[in-house]
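To convert, take the position in the sequence shown, counting from 1, and add 1; that gives our numbering.
Note that CB positions come from ideal geometry on N, CA and C, so glycine has one too.
Computed from a predicted structure; not experimentally measured.
Here's the structure, in C-alpha cells; my notes come after.
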Amino acid sequence: MKCFAMFALMLILAPAALAQHQTFAVNPDASEVKMTLNTNHEIVNGTFHIQSGSIDFDRGTPKMSGSVVVLAGSGKTGNGTRDKRMYKEILLVEQHANVSFEPKSYAGVLAPTGDSTIQVTGIFTLLGTPHEITIPMLVHLEGTAATAKAHFSVPYIQWGLKDPSLLIWKAEKEVAIDLSLTGQLSK
C-alpha cells in the first residue's frame, strides 16, 4: 500500500517536475522585422529595428507573457521621402513611438531541442490600439540559444492606419511581416 501511495504521488507530481519555466531574451541587434507592401507600381520592402524583447513560457502550460517592442520610426524602405511620409502620416511616430506584440498563449508542442512549429496568440498594438492575432511561428531551441521566425499579414487599413495610396499609385490593404528573433534562453 505504501508503494502504491508513493507511485500515485509521483504520477501526480510528474507534470510539475517536467514543467520548466524559461525566458527567451531577445537580442535586438541580431533580430529584425521586415515588411513587404505590394503596390501596382512596385514592391516596397522595409526593415524595422527591434528595441527590446523578452518572452516567458512554461512547457507545462500553454501560457506565455512578455513583449517584443519595435521602434516605429526605425523603418527604412530605401526611399527617404517615402520613409518620412510613413513616419509622419501613416505610423504617426510622434504619438506612437512603438509597435508591440505581447504573446498570451501558444498551441502546439515546444520540443526541448530542435525545431517546433507553434501558433502564438497575443496582442499586437499598432497606433496605440490593441488587436488580437494568432501567428504561426517556427521556434528553434539549441541549448541556451533560441530563434523564432514568423510570417504573417497585418490588415493595416482595417486596423486604423492611413492608406498610403496616392493618385494612380495603389497599395494593397495588408502588409506582409517577417519576424526574426534571435536570443538566449534562461531559467
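For residue i, count the other beta carbons within 10 Å of its own beta carbon; 16 or more makes it buried, fewer makes it exposed. Which is it?
{"i": "T183", "result": "buried"}
{"i": "A149", "result": "buried"}
{"i": "L168", "result": "exposed"}
{"i": "V110", "result": "exposed"}
{"i": "P137", "result": "exposed"}
{"i": "A108", "result": "exposed"}
{"i": "A146", "result": "exposed"}
If you compare alpha carbons, which of the options is closest to residue i?
{"i": "T48", "options": "L186, L180, Q185, K188", "result": "L180"}
{"i": "T126", "options": "I119, D30, S101", "result": "S101"}
{"i": "K35", "options": "V121, H50, Q23", "result": "H50"}
{"i": "E173", "options": "T40, P29, A26, N28", "result": "T40"}
{"i": "T122", "options": "L111, T135, T114, T78", "result": "T135"}
{"i": "G32", "options": "K188, S53, P113", "result": "Note on residue identity: the sequence assigns Ser, not Gly, to residue 32. Among K188, S53, P113, the Cα nearest to that of S32 is on S53."}
{"i": "T130", "options": "P137, S154, W160", "result": "W160"}
{"i": "P63", "options": "P165, H141, A147, H22", "result": "H22"}
{"i": "P165", "options": "Y107, H42, A147", "result": "H42"}
Hey, residue i and residue j: beta-carbon distance below 8 Å or not?
{"i": "S55", "j": "E103", "result": "no"}
{"i": "L139", "j": "D116", "result": "yes"}
{"i": "K105", "j": "I119", "result": "no"}
{"i": "M87", "j": "G76", "result": "yes"}
{"i": "T114", "j": "E90", "result": "no"}
{"i": "A190", "j": "S154", "result": "The structure shown does not extend to residue 190, since the chain is modelled only from 2 to 188, so the question has no answer here."}
Give the DSSP bridge partners of residue i, in chain order.
{"i": "W170", "result": "L167"}
{"i": "N46", "result": "T37"}
{"i": "H132", "result": "F125"}
Compute the beta-carbon to beta-carbon distance between residue i and residue j, rounded to the nearest angstrom, for a pair I have assumed lies under 8 Å.
{"i": "L128", "j": "H97", "result": "5 Å"}
{"i": "Y157", "j": "E175", "result": "7 Å"}
{"i": "T24", "j": "D57", "result": "5 Å"}
{"i": "H152", "j": "A112", "result": "Not really, about 20 Å apart at Cβ, beyond 8 Å."}
{"i": "N28", "j": "T37", "result": "Not quite, the Cβ-Cβ distance comes to about 24 Å (not below 8 Å), so this is no contact."}
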